[in-house]
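Some notes on the structure that comes next.
See below:
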């Protein structure tokens with residue numbers, strides 16, 4: 158019994174930290190979602206928050222903005238990441254290690270730093286307008302602000318996903334390509350008939366992670382556009398923050414957090430059902 162208890166003793170520090178800083182806050186947030194925290198002390202009211210969220214126009218606006226970013230940015234980013242991974246995997250490319258690091262580097266750049274850079278780049282007097290000859294007020298235009306958010310996210314996460322896809326590419330047996338080449342398949346046919354089907358689990362993994370990350374999106378809209386102009390780039394994460402830390406309504410903020418969790422679960426299940434089946 159003493160010997161079998163040894164691994165649990167080694168795990169105990171982690172389990173204690175997990176229970177204190179993860180499990181308890183998750184449970185406490187669930188309990189807060191069923192309480193009216195606008196009164197002191199908070200009182201139990203099972204419908205005050207969950208009933209409000211169904212008719213909250215601001216919540217649905219934030220959800221629409223989040224889904225818009227998801228359906229545009231995620232497919233664009235994964236397509237670019239796949240093309241980039243194929244290029245990085247090419248034997249014709251010299252200094253492959255350098256390029257892999259260069260495209261992965263945006264992930265390790267601090268969020269505040271690169272958000273400030275993109276805000277300056279897309280300022281009305283910024284480098285983008287100067288280089289293109291445009292005179293757009295990107296940050297204060299609803300369409301322009303959304304475009305800046307999408308461009309920023311694509312810049313940061315394309316290289317990260319490309320490295321993951323590259324790992325999947327390197328696991329594909331070269332015999333498949335050699336056999337296809339002998340049979341007369343063109344490079345384009347090899348890509349669609351061998352590469353894409355073989356990358357299916359990796360692409361599904363990247364897709365699910367990207368969907369979950371987009372539903373929680375907060376940093377870029379908050380730091381670059383502050384959710385504006387108006388509510389044009391207010392995502393679910395920004396709306397949650399405003400309810401919790403500006404309006405001091407932690408009960409409703411907790412409800413939004415669990416709504417995001419349920420949405421992530423639904424989207425993930427749909428993706429796994431549609432694309433996770435074995436061919």
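In our numbering, the protein residues as written are 158 to 436. Note that beta-carbon positions come from the ideal geometry of N, C-alpha and C, so glycine has one too.
Considering only their Cβ atoms, is the gap separating residue j from residue i smaller than 9 Å?
i	j	result
residue 356	residue 432	no
residue 205	residue 222	no
residue 396	residue 214	no
residue 275	residue 386	no
residue 272	residue 314	no
residue 302	residue 381	yes
residue 418	residue 227	no
residue 369	residue 414	no
residue 257	residue 406	no
residue 412	residue 183	no
Can you have a look at residue i and say buried or exposed, based on whether 16 or more other CB atoms are within 10 angstroms of its CB?
i	result
residue 160	exposed
residue 507	Past the edges of the chain, shown from 158 to 436, lies residue 507, and the structure says nothing about it.
residue 436	Because the pLDDT at residue 436 is just 44, under 50, the model does not fix this residue reliably, and the value given afterwards should be weighed accordingly. Label assigned to residue 436: exposed.
residue 426	exposed
residue 245	buried
residue 255	exposed
residue 167	exposed
residue 179	exposed
residue 423	exposed
residue 400	buried
residue 165	exposed
residue 374	buried
residue 378	buried
residue 174	exposed
residue 270	exposed
residue 295	buried
residue 252	exposed
residue 410	buried
residue 249	exposed
residue 328	exposed
Assuming the contact rule is C-beta atoms closer than 8 Å, residue i and residue j should be a hit. Round their C-beta distance to whole Å, please.
i	j	result
residue 517	residue 394	The first residue shown for the chain is 158 and the last is 436, placing residue 517 beyond what the model contains.
residue 334	residue 347	6 Å
residue 113	residue 237	Since the displayed the chain opens at 158 and closes at 436, residue 113 lies outside it and no answer follows.
residue 243	residue 326	7 Å
residue 235	residue 364	6 Å
residue 268	residue 163	41 Å between Cβ atoms; not a contact.
residue 286	residue 293	6 Å
Hey, out of the options, whose CA is closest to residue i's CA?
i	options	result
residue 323	260, 430 and 175	260
residue 207	375, 416 and 165	416
residue 359	341, 188 and 320	320
residue 187	267, 202 and 196	202
residue 349	168, 254, 240 and 266	240
residue 290	279, 300 and 299	279
residue 299	383, 331 and 266	383
residue 266	248, 224 and 316	316
residue 330	341, 354 and 318	354
residue 216	253, 171, 179 and 398	398
residue 231	177, 199 and 318	318
Say yes only if the C-beta of residue i is nearer than 8 Å to one or more non-hydrogen atoms of the ligand NAP, and no if none qualify.
i	result
residue 296	As far as ligands go, the structure on display features none, and thus does not contain the ligand NAP.
Q | Contact the stretch 305-313 vs the stretch 374-390: 3+ CB pairs below 8 Å | A | yes
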